[in-house]
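Structure first, commentary second.
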Amino acid sequence: MKYLVAGLARTGASVARVAHADGAEVIGFDDNEDTARRMADELNLESVGSSAAFINAVLGDVDEVVVSPGFPRTHPLRAAAAARGVRLIGDVELAASRTDAAIVAVTGTNGKSTVTRLVTEMLIADGSTAIEAGNVGYPILDAMNEPAEFYVVEVSSFQLADTEAFHPRVAVWTNLTSDHLDWHGDVEHYVASKARIWRNQTEADVAVVNAEDPVVMAASTGIAARTVSFGLDAGDARMADGRLVGPQGQDLGAISAMARPFPHELANGLAAACAA
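Under the numbering used here, the first residue of the sequence shown carries the number 110, and numbering increases by one thereafter.
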């Protein structure tokens, strides 16, 4: 197997390390020539480049291209890979194909880091082995060096846009406001990318949706997974009589006892309760 890893920062480096551990060959690409040269030795890359000529020279000799999160959507490498029929994926897609453990994926414009942390802590408190990873913090491929029952993964719209078969057991979409439009081009592509978090789920899986976000609710229409909703005033998990109520009606505690009873923090806690 031979990979072309595009983008040689932290995530690209994790891809290269895992690929080498599997006995694969790794070619590196980065638009920054200094980064490309520096990482060539650090990652023991077979070859490395930063030009269009390099892309054209090596693409015919690789099996897959793995792009780092946020690798430009309009980058010539993408079009060149498509023209040659070379599969292009991201680190999340590669990581998910390498484990049988349950993946809990969390996305959203706001709150995803907090919800990811809360779900991880809830699972651990319940006696499960769970590791937090993803877009911000610990790259998922590095996280999978340590065995766990659950990998709780924060995934960005950039990462989701480059998924094909990614299949989280539980998938949380916290909310959506316009963001990253310089990468996506328009709101429609941004929404469609986020919605890919549910694309491969089945009836056996759970999709956690924000009952008070009309975009998220509309995107969840017709998905195969069982939906569990949250919201401050509506949803399976919600506020009632000064308390937080879980998705199965369980009492999660008095709001007055919370250290940070701000609306967004309460919503994050309710989302996590639906997922854990």
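From the three backbone atoms N, C-alpha and C, an ideal C-beta is built for every residue, glycine too.
Close beta carbons around residue i, own chain, < 7 Å, minus the five adjacent residues each side
| i | result |
| --- | --- |
| Ala205 | Ile212, Phe275 and His276 |
| Gly243 | Thr225, Ile249, Val262, Glu263 and Val264 |
| Thr218 | Asn284, Leu285, Thr286 and Asp288 |
Straight-line Cα distance separating residue j from residue i
| i | j | result |
| --- | --- | --- |
| Ala252 | Arg207 | 12 Å |
| Asn165 | Leu341 | 52 Å |
| Val135 | Pro370 | 48 Å |
| Asn284 | Ala189 | 34 Å |
| Asp345 | Pro256 | 32 Å |
| Glu258 | Ala239 | 6 Å |
Member of the options whose CA lies at the smallest distance from the CA of residue i
| i | options | result |
| --- | --- | --- |
| Ala313 | Ala333, Asp295, Lys303 and Glu321 | Ala333 |
| Gly194 | Asp172, Pro178 and Thr223 | Asp172 |
| Ala304 | Val318, Arg119 and Asp291 | Val318 |
| Ser470 | Glu151, Leu154, Asp150 and Gly137 | Residue 470 lies beyond the stretch modelled for the chain, which goes from 110 to 385, so this question has no answer here. |
| Asn141 | Ser123, Phe180 and Asp322 | Phe180 |
| Gly116 | Ala145, Ala128, Ala133 and Arg126 | Ala145 |
| Gly169 | Met367, Thr330, Arg196 and Glu151 | Arg196 |
| Val127 | Leu375, Ile306, Leu203 and Ala234 | Leu203 |
| Ala320 | Arg308, Ala343 and Ser302 | Ala343 |
| Ala280 | Met367, Glu297, Arg308 and Asp291 | Arg308 |
| Leu152 | Ser237, Arg182 and Arg119 | Arg119 |
| Gly331 | Ala349, Thr311 and Asp322 | Thr311 |
| Ala349 | Arg278, Asp291 and Gly362 | Gly362 |
Where the beta strand (DSSP E) through residue i begins and ends
| i | result |
| --- | --- |
| Arg187 | Element bounds for Arg187: not the beta strand (DSSP E) but the alpha helix (DSSP H), Pro185 to Arg193. |
| Glu263 | Phe259 to Glu263 |
| Ala280 | Val279 to Trp282 |
| Glu134 | Glu134 to Phe138 |
Same chain only: Cβ atoms within 6 Å of residue i, ignoring 5 sequence neighbours per side
| i | result |
| --- | --- |
| Gly199 | Val176, Gln268 and Asp271 |
| Leu121 | Before going on, a small fix: residue 121 reads as Gly here, not Leu. Correct list, in chain order: Val114 and Ser177. |
Beta-carbon contacts of residue i that lie in its chain and below 8 Å, excluding the five residues immediately before and after
| i | result |
| --- | --- |
| Pro372 | Leu341 |
| Asp131 | Met110 |
Alpha helix (DSSP H) segment containing residue i, residue limits
| i | result |
| --- | --- |
| Thr330 | No alpha helix (DSSP H) contains Thr330, which DSSP labels as neither H nor E. |
Check your understanding: Should the stretch 355-363 be called in touch with the stretch 377-385, which here means at least 3 C-beta pairs below 8 Å?
Key -> yes
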